[in-house]
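Trainee: Before anything else, here's the structure in question.
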Amino acid sequence: MKKGNKPDTLWIVLIVAYVVYAALFIYRTSFVIGGTRYFTLFDDAMISMTYARNLAHGHGLVWNAGGERVQGYTNLLWTLYMGLIHLIPVAKSKISLLVQATSAGLLLANLFVVRRLAGTISGGSRFVSLGAATLTAFYLPLNNWSLQGMEVGLLTLLVSLALLRSLKMIEGKAFSVWPYVILGVGVLVRLDMTVLLAAVIGFAAWRDPRTRSRHLAFGLAILGAALAIQVIFSRVYYGDFFPNTFYQKLVGYPFIWRLAKGIYAALVFIWRLNLIFFVVPIGLVLARRRNGELLLSAAFLAQLGYSIYVGGDAWESWGGANRYVCIVMPAFFILFVAGLEALGASARAYLERSMPKVRGAALDKYLARSKAALFILGLASFNAIYGPAALTEMLLLKQTLHIDDNQKMVERALTVDKVTTDRATIAVVWDGAIPYFAERPAVSILGKNDRKVGHEKMRTASGAAQIVAFYPGHLKWDYAYSIGQLRPDVVVHLWQEPESAKPYLQFDYVQVKIDGFTLYLRDGSPNILWSRVKALSTG
Numbered sequence: 000m001k002k003g004n005k006p007d008t009l010w011i012v013l014i015v016a017y018v019v020y021a022a023l024f025i026y027r028t029s030f031v032i033g034g035t036r037y038f039t040l041f042d043d044a045m046i047s048m049t050y051a052r053n054l055a056h057g058h059g060l061v062w063n064a065g066g067e068r069v070q071g072y073t074n075l076l077w078t079l080y081m082g083l084i085h086l087i088p089v090a091k092s093k094i095s096l097l098v099q100a101t102s103a104g105l106l107l108a109n110l111f112v113v114r115r116l117a118g119t120i121s122g123g124s125r126f127v128s129l130g131a132a133t134l135t136a137f138y139l140p141l142n143n144w145s146l147q148g149m150e151v152g153l154l155t156l157l158v159s160l161a162l163l164r165s166l167k168m169i170e171g172k173a174f175s176v177w178p179y180v181i182l183g184v185g186v187l188v189r190l191d192m193t194v195l196l197a198a199v200i201g202f203a204a205w206r207d208p209r210t211r212s213r214h215l216a217f218g219l220a221i222l223g224a225a226l227a228i229q230v231i232f233s234r235v236y237y238g239d240f241f242p243n244t245f246y247q248k249l250v251g252y253p254f255i256w257r258l259a260k261g262i263y264a265a266l267v268f269i270w271r272l273n274l275i276f277f278v279v280p281i282g283l284v285l286a287r288r289r290n291g292e293l294l295l296s297a298a299f300l301a302q303l304g305y306s307i308y309v310g311g312d313a314w315e316s317w318g319g320a321n322r323y324v325c326i327v328m329p330a331f332f333i334l335f336v337a338g339l340e341a342l343g344a345s346a347r348a349y350l351e352r353s354m355p356k357v358r359g360a361a362l363d364k365y366l367a368r369s370k371a372a373l374f375i376l377g378l379a380s381f382n383a384i385y386g387p388a389a390l391t392e393m394l395l396l397k398q399t400l401h402i403d404d405n406q407k408m409v410e411r412a413l414t415v416d417k418v419t420t421d422r423a424t425i426a427v428v429w430d431g432a433i434p435y436f437a438e439r440p441a442v443s444i445l446g447k448n449d450r451k452v453g454h455e456k457m458r459t460a461s462g463a464a465q466i467v468a469f470y471p472g473h474l475k476w477d478y479a480y481s482i483g484q485l486r487p488d489v490v491v492h493l494w495q496e497p498e499s500a501k502p503y504l505q506f507d508y509v510q511v512k513i514d515g516f517t518l519y520l521r522d523g524s525p526n527i528l529w530s531r532v533k534a535l536s537t538g
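The sequence shown begins at 0 in numbering that gives the first Met the number 0 and counts up one residue at a time.
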């Protein structure tokens with residue numbers, strides 16, 4: 000905001016601070032191997048990068064060049080954007096940096112939208128605008144998922160824009176198609192954005208009855224068109240109506256137990272967020288029932304409900320908002336800071352009634368300090384996603400989620416590259432960085448990029464243990480098929496129940512240790528450089 004014609008100094012400081020923070024965050028995700036600095040993304044994002052590279056190189060939107068068409072990604076437009084990036088002549092070790100820089104730009108743009116949205120919600124309150132933007136800027140999960148290359152940054156910006164346009168439409172009582180167009184683009188990024196688009200359509204139809212028919216007609220038409228594009232493309236190009244990960248993550252597990260896990264994950268998220276602070280926005284919405292606050296709460300609850308429905312994410316143990324909920328956390332932060340301001344106003348009214356001598360500058364100073372203290376406590380609490388130790392990640396004193404694993408995956412890929420020809424097939428559990436950096440055709444042990452495994456039943460626990468045992472995307476594997484039948488040249492690593500893989504490894508494969516990694520090499524394979532194996536093997 001501006002005071003008169005003067006720029007808001009705190010806003011400028013926040014923007015500069017975030018640019019520096021994002022740059023340092025990205026740098027902290029990189030690592031040096033053999034004198035070369037590598038930038039890489041979260042492993043799921045590296046799956047999309049593999050599809051993107053194959054597309055850019057003329058092999059089609061596939062995981063393995065010349066291989067079966069299986070849709071192992073869920074972020075169509077983001078993957079296509081990655082394909083464009085792969086047309087730029089940049090070293091393999093650095094190209095992920097372009098994706099990370101894009102995400103940083105998207106998050107930066109989102110701060111401007113959040114500031115406007117918060118100002119519109121609060122009637123121009125500087126405290127609410129700056130506070131919500133600050134919480135958004137330095138929220139660890141949002142930065143992690145976005146700056147490690149997931150589509151979260153893009154979706155967050157689209158959601159914030161759509162909410163801003165929706166609020167102006169409803170408050171101005173003038174129909175606009177733009178909120179639905181923006182979220183329709185979101186559906187083309189991720190199919191499950193249909194939930195949020197449907198929620199906004201329903202909210203607008205409820206709160207703007209004069210043009211209800213237009214909301215329903217245009218909103219549902221755009222929703223239907225975006226869905227049709229995604230589903231028809233998947234069916235025509237890949238042979239399935241939905242991405243393979245839909246079947247891999249949602250099909251083959253008892254619905255009631257999946258739902259129970261989703262509820263459990265949501266409750267843990269709320270508890271770690273700080274139950275008292277979670278109540279602040281709820282109280283604000285229920286007390287005032289204003290359009291803007293109701294809209295933001297509807298968006299937040301829609302995504303939280305979707306997260307519950309799918310059983311949460313695979314990384315719930317890390318804490319904080321998962322990839323589904325992250326995109327609406329700016330809406331939550333706006334409600335939280337607006338709630339603090341409302342509490343301050345209520346406290347002022349109470350103190351002026353009960354303590355009439357306490358007025359003027361002294362009271363203003365006391366209330367300002369109190370709000371600032373609660374805000375700082377909220378900032379710390381929201382980022383203590385698995386406890387106070389998580390603040391070292393937020394402050395960049397410690398590398399964040401899976402950076403060590405990312406480095407090990409690249410190191411494994413380079414090891415595989417040294418001892419195999421480019422025709423060697425490799426079986427992997429992590430489908431992203433290893434196939435990307437090794438540039439070898441791969442076998443997907445967990446079925447993310449394998450239609451047969453992806454459509455099989457999940458490995459389930461028994462009884463109530465099924466609640467915590469649901470681990471989306473990691474409960475399907477078939478060693479008899481992936482190793483015994485497909486016979487990859489190299490088994491890079493195994494998943495759970497490794498002993499069940501022994502019948503398919505003990506006769507046809509040789510176990511070796513190279514560069515500290517255990518590999519299983521198919522005995523006699525012409526695609527393995529046995530002389531190098533002998534020279535490099537340490538066991």
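Glycine included, each C-beta is placed from N, C-alpha and C at the ideal position.
Once DSSP output is grouped into helix, strand and coil, what is the label at Lys501?
Mentor: Here residue 501 is taken as the residue at index 502 of the sequence shown, counted from 1. Helix, per DSSP.
Trainee: Taking just the CA atoms, how far does Ser233 sit from Phe217?
Mentor: Here residue 217 corresponds to residue number 218 of the sequence shown, with the count starting at 1. Here residue 233 corresponds to residue number 234 of the sequence shown, with the count starting at 1. Each residue's Cα considered, the two are about 24 Å apart.
Trainee: Any idea if Ile542 is buried or exposed, counting beta-carbon neighbours within 10 angstroms, 16 or more meaning buried?
Mentor: Because residue 542 is not part of the residues shown, which for the chain are 0 to 538, the question remains open.
Trainee: With respect to the alpha helix (DSSP H) encompassing Gln302, which residues constitute its N-terminal and C-terminal limits?
Mentor: Walking along the sequence shown from the start, residue 302 turns up at place 303. Where Gln302 is concerned, the enclosing alpha helix (DSSP H) stretches over Asn290 to Tyr308.
Trainee: Quick check on Ser369: does DSSP put it in helix, strand or coil?
Mentor: Position 370 of the sequence shown holds residue 369. Note: Ser369 maps to helix in three-state DSSP.
Trainee: Please return the same chain residues whose Cβ sits closer than 7 Å to the Cβ of Ala103, not counting the five positions on each side in sequence.
Mentor: Start at 1 with the first residue of the sequence shown, and residue 103 comes out as number 104. Contacts found: Ala21, Ile25 and Leu146.
Trainee: Would a C-beta distance cut-off of 8 Å place Phe248 and Pro440 closer than the cut-off?
Mentor: Translated into the one-based positions of the sequence shown, residue 248 becomes position 249. Translated into the one-based positions of the sequence shown, residue 440 becomes position 441. It is worth fixing the name first, because residue 248 is Lys in this sequence and not Phe. For Lys248 and Pro440, no; Cβs fall outside 8 Å.
Trainee: Less than 8 Å between the C-beta atoms of Ile466 and Ala259, yes or no?
Mentor: In the sequence shown, counting from the first residue as 1, residue 466 sits at position 467. In the sequence shown, counting from the first residue as 1, residue 259 sits at position 260. Yes, the pair counts as a contact, with Cβ atoms nearer than the cut-off.
Trainee: From the DSSP secondary-structure annotation, give me the bridge partner or partners of Ile384.
Mentor: The count along the sequence shown starts at 1 and reaches residue 384 at position 385. In DSSP, Ile384 forms a bridge with Gly386.
Trainee: Considering Arg531, what are the terminal residues of the beta strand (DSSP E) in which it resides?
Mentor: On the sequence shown, position 532 is the one that residue 531 refers to. Premise fails: Arg531 lies in the alpha helix (DSSP H), Trp529 to Leu535, not in any beta strand (DSSP E).
Trainee: The alpha helix (DSSP H) that contains Leu160, what's its start and end?
Mentor: For the purposes of this step, residue 160 is identified with residue 161 of the sequence shown, where counting begins at 1. Element bounds for Leu160: Val151 to Gly171.
Trainee: If you drop the 5 nearest sequence neighbours on each side, which residues of the same chain put their C-beta closer than 6 Å to that of Val309?
Mentor: One-based indexing of the sequence shown puts residue 309 at position 310. Hits under 6 Å: none found.
Trainee: First and last residue of the beta strand (DSSP E) that includes Val511?
Mentor: Taking the first residue of the sequence shown as position 1, residue 511 is located at position 512. That run of the beta strand (DSSP E) goes Tyr508 to Ile513.
Trainee: Take every Cβ of the region 409-423, pair it with every Cβ of the region 501-519, and state whether three or more of those distances are shorter than 8 Å.
Mentor: With a cut-off of 8 Å, the region 501-519 and the region 409-423 count as touching, because enough Cβ pairs lie within range.
Trainee: Using three-state DSSP, classify Val188 as helix, strand or coil.
Mentor: Reading the sequence shown from its first residue, position 189 is the one you call residue 188. Val188: helix per DSSP, three-state reduction.
Trainee: Go ahead and pull the three-state DSSP assignment for Leu520.
Mentor: Residue numbering aside, residue 520 sits at position 521 when the sequence shown is read from its first letter. It is a strand residue.
Trainee: Let me check understanding here. Comparing Cα to Cα, which of Leu106, Asn142 and Ser499 lies closest to Thr28?
Mentor: What you label residue 28 is simply residue 29 of the sequence shown in a count that begins at 1. Closest option to Thr28, Cα to Cα, is Asn142.
Trainee: Hey, His610 and Ala225 are a contact pair by Cβ (cut 8 Å); roughly how many whole angstroms apart?
Mentor: What is shown of the chain runs 0 to 538, which leaves residue 610 out entirely.
Trainee: Starting from the C-beta of Tyr478, find all residues in its chain whose C-beta is less than 7 Å away, skip the five residues before and the five after it, and write them out in chain order.
Mentor: Here residue 478 is taken as the residue at index 479 of the sequence shown, counted from 1. Result list for Tyr478: Ser499, Ala500 and Tyr503, in chain order.
Trainee: Going straight from the alpha carbon of Asn405 to that of Arg347, what length do you get?
Mentor: Taking the sequence shown and counting its residues from 1, one reaches residue 405 at position 406. Taking the sequence shown and counting its residues from 1, one reaches residue 347 at position 348. Approximately 51 Å, taken between the alpha carbons.
Trainee: Around the C-beta of Ala330, are 16 or more other C-beta atoms found within 10 angstroms, so that it is buried, or is it exposed?
Mentor: As a position in the sequence shown, residue 330 is number 331, starting the count at 1. With 16 or more Cβ atoms within 10 Å of its Cβ, Ala330 is classed as buried.
Trainee: Report the three-state DSSP secondary structure of Phe30 (helix, strand or coil).
Mentor: Mapped onto the sequence shown, residue 30 falls at position 31. Of the three classes helix, strand and coil, the one that applies to Phe30 here is strand, per DSSP.
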